[in-house]
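In this text, residue positions in the sequence shown follow our numbering: the first is 40, and each later residue adds one. Note sheet for the following structure.
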Amino acid sequence: MNYSLTGQVEIDLPLSKVDESISWDGAERKYHSSYWNTPVVSNVSKPTLAVYQADEPNGTAVIICPGGGLYALSIDSEGNDVAKWLNKRGFTAFVLKYRLVPTNGDATAEIAQDGANVLTKAGMILPLAVEDGLNAIRHVRENAGKYQVDPQKIGIIGFSAGGAVTMGVTYAYDKLSRPDFIGPIYAWMDVVGEKEPPSDAPPLFALCASDDPLQLAPASVKLYSDWLAKEIPAELHMYSKGGHGFGMRKQNLPTDFWINRFSDWLTAQGFTKE
């Protein structure tokens, strides 16, 4: 156990799946990306889970997977800031730093330079990142009493590449690592590929903006349609404006309040009370 730069307790997760062809040079890095104009973490080789314990826990846990193309993590606007908002409303939140593509300098510059290779590199690291997500759920469920959460109210949400991790978890869970709800937020599904929902798939909350420059909106619609076809509870929010990667950033648009809609949905699904 150690402490993150935010002062939160940070739990080391096991490396239960490895790929000998992937190696990292040096430690993970945290810096302000001039490309994305936000703090990021890159070169993550050892997955961790930062714990945001609520003062008055409502019994529901939310594991948060920041995005960043599997090259970096938008650690504040799609991670810590989400956790803090949820924390104030009684949710016990966990920010997952999953394994990323090895990079040597500014990962956000590297992803811009890699072009067509991005999908290949991201595809190689995704199984490891998904395993980190599965282990995060296992950890929270095994320690539900310590965290004051209901072991049947543990969900996972993710942004962009974090949405890919979220959906990878959804297609690969076992009994101990099954999320009780999922929230793919402008999920990058190209790297995941076409898959069918499991027969016991958890309720889904999907969200995107129609003007997403990465053209991710159709994939969110498809997720919703897949869940609907299997008669699994699903909700979709498609905003006309918002772009990509907004997370908790304010744009004076309806997307500024997406997290309120997520909280409303959790209440409607019975994971919290009014």
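The beta carbon of each residue, even a glycine, is placed where N, CA and C say it ideally should be.
Pick out whichever of the options has its Cα sitting closest to the Cα of residue i.
| i | options | result |
| --- | --- | --- |
| residue 260 | 286, 230, 226 and 292 | 226 |
| residue 53 | 178, 273 and 91 | 178 |
| residue 188 | 102, 51, 69 and 291 | 102 |
| residue 307 | 272, 198, 143 and 290 | 272 |
| residue 211 | 63, 241 and 200 | 241 |
| residue 167 | 113, 207 and 74 | 207 |
| residue 47 | 84, 89 and 281 | 89 |
| residue 132 | 192, 77 and 79 | 192 |
| residue 68 | 282, 228 and 138 | 138 |
| residue 293 | 279, 266 and 224 | 279 |
| residue 140 | 128, 112 and 129 | 112 |
| residue 304 | 230, 220, 251 and 235 | 220 |
| residue 224 | 281, 76 and 165 | 281 |
| residue 320 | 300, 237 and 142 | The chain is shown only over 40 to 313; residue 320 falls outside these bounds and no answer can be derived. |
| residue 312 | 129, 93, 79 and 115 | 129 |
| residue 174 | 55, 299, 297 and 49 | 55 |
| residue 288 | 49, 78 and 60 | 78 |
| residue 198 | 66, 263, 296 and 283 | 283 |
| residue 296 | 185, 125, 164 and 252 | 125 |
Would residue i be called buried (16 or more neighbouring beta carbons within 10 Å of its own) or exposed?
| i | result |
| --- | --- |
| residue 105 | buried |
| residue 51 | exposed |
| residue 98 | buried |
| residue 152 | exposed |
| residue 314 | There is simply no residue 314 to check, as the chain begins at 40 and stops at 313 in what is shown. |
| residue 155 | exposed |
| residue 57 | exposed |
| residue 181 | exposed |
| residue 119 | buried |
| residue 76 | exposed |
| residue 5 | This structure cannot settle anything about residue 5, because the visible part of the chain is limited to 40 through 313. |
Where DSSP assigns a beta bridge to residue i, which residues make up the other side?
| i | result |
| --- | --- |
| residue 273 | 243 |
| residue 278 | 248 |
| residue 74 | According to DSSP, which records beta bridges pairwise, residue 74 is partnered with nothing at all. |
| residue 68 | 81 |
What first and last residue would you give for the beta strand (DSSP E) that runs through residue i?
| i | result |
| --- | --- |
| residue 60 | Where residue 60 is concerned, there is no enclosing beta strand (DSSP E), given that its DSSP letter is neither H nor E. |
| residue 50 | 48-51 |
Kindly examine the ligand PLP and report whether one of its heavy atoms sits closer than 6 Å to the Cβ of residue i.
| i | result |
| --- | --- |
| residue 106 | In the structure shown, the ligand PLP is absent, as is every other ligand, since no ligand is present at all. |
State the start and end residues of the unbroken alpha helix (DSSP H) segment that holds residue i.
| i | result |
| --- | --- |
| residue 260 | 256-268 |
| residue 305 | 297-307 |
At what residue ranges does the stretch 153-228 contain a whole run of the beta strand (DSSP E), taking only runs of 3 or more?
-> 193-198 and 220-224
In the stretch 78-166, which residue ranges form an unbroken alpha helix (DSSP H) of at least 4 residues, counting only runs that do not cross its ends?
-> 120-127 and 146-153
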